[in-house]
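Chains A and B, in that order, give the protein sequences. Using full-length UniProt numbering, the first residue of the first sequence is number 1, and each one after it goes up by one. Using full-length UniProt numbering, the first residue of the second sequence is number 1, and each one after it goes up by one. Just so you know, even glycine gets a beta-carbon here, dropped at the ideal spot from N, CA and C. Since the model is a prediction, treat every value here as computed from it, not as a measurement.
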Amino acid sequence: MNRIIKIVLLDILKNKIIVSYALILALLSWGSFMLEDNTAKGLLTILNVILFTVPLVSILFSTIYIYNSSEFIELLLSQPIKRKKIWISLFAGLSIAMFLAFFLGAGIPLLLNAPGMAGLMMLLSGSLISIVFVSLAFLSCILTRDKAKGIGLAILFWMYFAILFDALVLFLLFQFAEYPIEEAMVGITASSPIDLARIQILLHLDQSAMMGYTGAIFKDFFGTAIGLLVSFLLLVLWIVVPFLISIRKFDRKDL
Amino acid sequence: MKLHFCLSLLLLFNCLWSQKIEVGPNKAVKTIKKAIEIAKSGDTIIVDKGVYREGNIIIDKKLILQGKNLPILDGQQKYEVVSIKADSVVFSGFKVINSGFASLNDPCGIKIYNKTGVIVKDNFLENNFFGIYVQKGTNCIVKNNIIKAYQKEEQRIGNGIHCWKSENMQIIGNKISGHRDGIYFEFVSNSVIWRNISKANIRYGLHFMFSNDDAYIGNVFKNNGAGVAVMFTKNVKMFNNYFEENWGDAAYGLLLKEISDSYIIGNKFIRNTSGIYMEGTSRVKLEKNIFKDNGWGMKVQASCMDNVISFNNFLSNTFDISTNGSLVLNHFNNNYWDKYEGYDLNHDGIGDVPFHPLSLFAVITENNPSAMLLFRSFMITLLDKSEKILPSITPDNFVDESPEMKSLVL
């Protein structure tokens, strides 16, 4: 298995796209910390990168990579290796690459410039978000054989979580403004990995505002040690569940 | 000159005639009550270190009471400890503890009844129902006292320094914590509150009502249950105070309700849920304040008018300004907003594009607080940006026409 991971990883690194992705992230992060006069604003720029760019690059790159390596996968399948092993190795390779790119690009400037809880939280959630979207890429690849459809599906996933979901929540909020929906809202956020990550970061970035009435409800849930654990567990679930579905399908698929 | 001479003569006589009475476990006079009984007006009573459980000590003559090495006056949670019922009493250097608890007659650590020129200083008050209570006092000084209490429930505890219907008071350099309100003023005029530290009180750090022509300067109000409230008052001067870490939905660094003709200058509002909340406030000048790391820098309700907010620094607040209506009768100018993205072509230090400090999302959360959940999401940022360019929901006259390009040196 390690061998396959190594091959995949080296292949991705040779690709240079991932290297330039890391470089662009680094440029953005260093730039925002250097140009802004306070770290809070630098953090905000990186927050937007985490919530927007990181998911997009992760899901698109991974989807295209999997489609392009279909021949390689077929070659591997002719060898006496378990199917699951191949799929997991592929996933591990891509995840490690995406994580490394994020860590080297955004993580290091984060740790150096904002070594507080907010920075740490960003690093952690950014890394998890990278892997969540790799996992979603695996799901969209396995759902359809057609490359165009698969990539389209990946883009739809990204659009849904990065943009549409919040618009829907906003709509719901206004429709049900008369009702005590604060607790329900906490539940709803769990259904989007990006929102989960965003709220965890928000609790540290806008601490004072989050001590207000509704904020306090989120803080009471997400801000406690248990809430923190739950939201990170949920993020891990967002990695595990789509990947498990894809691996089941891959196992039974007639290639 | 003649008056001067008479006065000095009087002072001389005073010195000649007044005597010192020493109280202590090893002295001729064992109790403070006894000492007060035998003392004449103008005498000095010096109390040695020890624990005195004498119930309610009533000072009804013009005396100087001085504690040596913090003698302890214990109210045994039954009595009001010290009642001052004479003019010009000086009470200093005592440790006053355990006053009784009653909601009808408010027993206190130290209470001044309708008197003039009383000085209470350098005392340590612990675990009293009310700390120092001034009722209809004039020209009194409360200085350098440390006042502490440990009660958790608002109903079970009184205020640290409580002044009612008083005039010309000086509240200076006290440290108050754990009471209901740190300092409470009601119907107190021409008074000054200077360099006090009021923190971790259950309700307000400073509670201020119907108290005209007062000034509070250089105080620290930190981590109080609901911050500081100033209500129904005109001509208040608030200079160089610190309002810090007042957290909670109904907690405000400074709550202004029905305030007029006042000055709020040089204060620092740091890490509060709301820095200033103003309602029904008019003709107030807010200048040279720093708003930093607050959830909301200022909440200016639509009922406020003719306030001038200028030369302030707004730094890394989640929202700089929020309001509840579309009517804007206040003036913002020459503030520094760190969210300002304009340019300055003629390099005069003033941005060429006006700044709209009210963000769309601040309005949305004002109407629908749950929306806070979506803060900083991409969707909201997008909406906010378009609203900044073409204001439709936010009032377009809510504007700083001359925003500063660089943060002001304050």
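Boundaries of the alpha helix (DSSP H) in which residue i is found, first to last residue
i: residue 205(A); result: 193-205
i: residue 73(A); result: 70-77
i: residue 149(A); result: 147-159
i: residue 42(A); result: 39-48
i: residue 404(B); result: Segment: none, residue 404(B) is in no alpha helix (DSSP H) and carries neither H nor E.
i: residue 363(B); result: 360-367
i: residue 109(B); result: Premise fails: residue 109(B) lies in the beta strand (DSSP E), 108-113, not in any alpha helix (DSSP H).
i: residue 118(B); result: First-last for residue 118(B): undefined, no H or E at that position.
i: residue 184(B); result: No alpha helix (DSSP H) contains residue 184(B), which is instead part of the beta strand (DSSP E) from 183-186.
i: residue 399(B); result: Residue 399(B) -> no alpha helix (DSSP H), and no H or E assigned at all.
i: residue 141(B); result: Unbroken run through residue 141(B) is the beta strand (DSSP E), 141-143; no alpha helix (DSSP H).
i: residue 171(B); result: Per DSSP, residue 171(B) belongs to no alpha helix (DSSP H); it is in the beta strand (DSSP E), 170-172.
Where the beta strand (DSSP E) containing residue i begins and where it ends
i: residue 135(B); result: 130-135
i: residue 44(B); result: 44-47
i: residue 209(B); result: 206-209
i: residue 22(B); result: 20-23
i: residue 198(B); result: 197-199
i: residue 125(B); result: 124-126
i: residue 176(B); result: 175-177
i: residue 91(B); result: 90-92
i: residue 96(B); result: 95-97
i: residue 192(B); result: 192-194
i: residue 148(B); result: 146-148
Buried/exposed call for residue i, threshold 16 Cβ in 10 Å
i: residue 393(B); result: exposed
i: residue 31(A); result: exposed
i: residue 22(A); result: buried
i: residue 259(A); result: Since the displayed chain A opens at 1 and closes at 255, residue 259(A) lies outside it and no answer follows.
i: residue 300(B); result: buried
i: residue 28(B); result: exposed
i: residue 191(A); result: exposed
i: residue 49(A); result: buried
i: residue 34(A); result: exposed
i: residue 207(B); result: buried
i: residue 198(A); result: buried
i: residue 406(B); result: exposed
i: residue 57(A); result: buried
i: residue 326(B); result: exposed
i: residue 201(A); result: buried
i: residue 194(A); result: buried
i: residue 409(B); result: exposed
Beta-carbon contacts of residue i that lie in its chain and below 6 Å, excluding the five residues immediately before and after
i: residue 214(B); result: 191, 236
i: residue 107(B); result: 80, 99, 100, 129
i: residue 133(B); result: 108, 111, 162
i: residue 65(B); result: 45, 91
i: residue 93(A); result: 5, 8, 9
Proximity to residue i [Cα-Cα], best of the options
i: residue 193(B); options: 177(B), 84(B), 405(B), 238(B); result: 238(B)
i: residue 8(A); options: 121(A), 66(A), 21(A), 55(A); result: 66(A)
i: residue 236(A); options: 135(A), 38(A), 98(A); result: 135(A)
i: residue 189(B); options: 170(B), 174(B), 179(B), 195(B); result: 170(B)
i: residue 187(B); options: 251(B), 234(B), 384(B); result: 234(B)
i: residue 217(B); options: 226(B), 241(B), 398(B); result: 241(B)
i: residue 19(A); options: 151(A), 74(A), 99(A), 50(A); result: 99(A)
i: residue 283(B); options: 67(B), 382(B), 263(B); result: 263(B)
i: residue 180(B); options: 93(B), 153(B), 172(B); result: 153(B)
i: residue 91(A); options: 59(A), 165(A), 160(A); result: 59(A)
i: residue 281(B); options: 125(B), 232(B), 320(B); result: 232(B)
i: residue 38(B); options: 358(B), 23(B), 126(B), 52(B); result: 23(B)
i: residue 288(B); options: 277(B), 303(B), 157(B), 311(B); result: 311(B)
i: residue 292(B); options: 314(B), 56(B), 306(B), 304(B); result: 314(B)
i: residue 321(B); options: 358(B), 339(B), 372(B); result: 358(B)
i: residue 96(B); options: 336(B), 50(B), 337(B); result: 50(B)
i: residue 70(B); options: 93(B), 222(B), 296(B); result: 93(B)
i: residue 52(B); options: 43(B), 156(B), 40(B), 76(B); result: 76(B)
Contacts around residue i, its chain only, beta-carbon distance under 7 Å, and the 5 residues preceding and following it disregarded
i: residue 54(A); result: 102, 126, 129, 130
i: residue 177(B); result: 148, 199, 200, 201
Sequence-distant residues of the same chain with beta carbon closer than 8 Å to residue i, five excluded per side
i: residue 294(B); result: 253, 269, 270, 271, 272, 273, 274, 275, 317, 318
i: residue 223(A); result: 203, 210
i: residue 351(B); result: 340, 342, 343, 344, 402, 403, 404, 405
i: residue 267(A); result: With chain A represented from 1 up to 255, any question about residue 267(A) goes unanswered, as that position is not in the structure.
Legend entry - Uninterrupted alpha helix (DSSP H) stretches inside the UniProt domain "Carbohydrate-binding/sugar hydrolysis" (215-353) of chain B (no shorter than 4 residues): Complete alpha helix (DSSP H) runs here, min 4: none at all.
Inset, instruction - Enumerate, from N- to C-terminal direction, the unbroken alpha helix (DSSP H) stretches of 4 or more residues contained entirely within the stretch 212-250 of chain A. - result: For the stretch 212-250 of chain A, whole alpha helix (DSSP H) runs of length 4 or above, ordered along the chain, are 213-222.
Legend entry - Completely contained beta strand (DSSP E) runs for the stretch 58-88 of chain B, where each covers 3 or more residues: Taking only runs of at least 3 residues, the beta strand (DSSP E) segments lying wholly in the stretch 58-88 of chain B are 64-67, 72-74, 82-84.
Inset, instruction - Can you check the stretch 99-187 of chain A for any alpha helix (DSSP H) of at least 4 residues that lies completely inside it and give the ranges in chain order? - result: The DSSP assignment places complete alpha helix (DSSP H) segments of no fewer than 4 residues inside the stretch 99-187 of chain A at 108-113, 117-143, 147-159, 165-175, in order along the chain.
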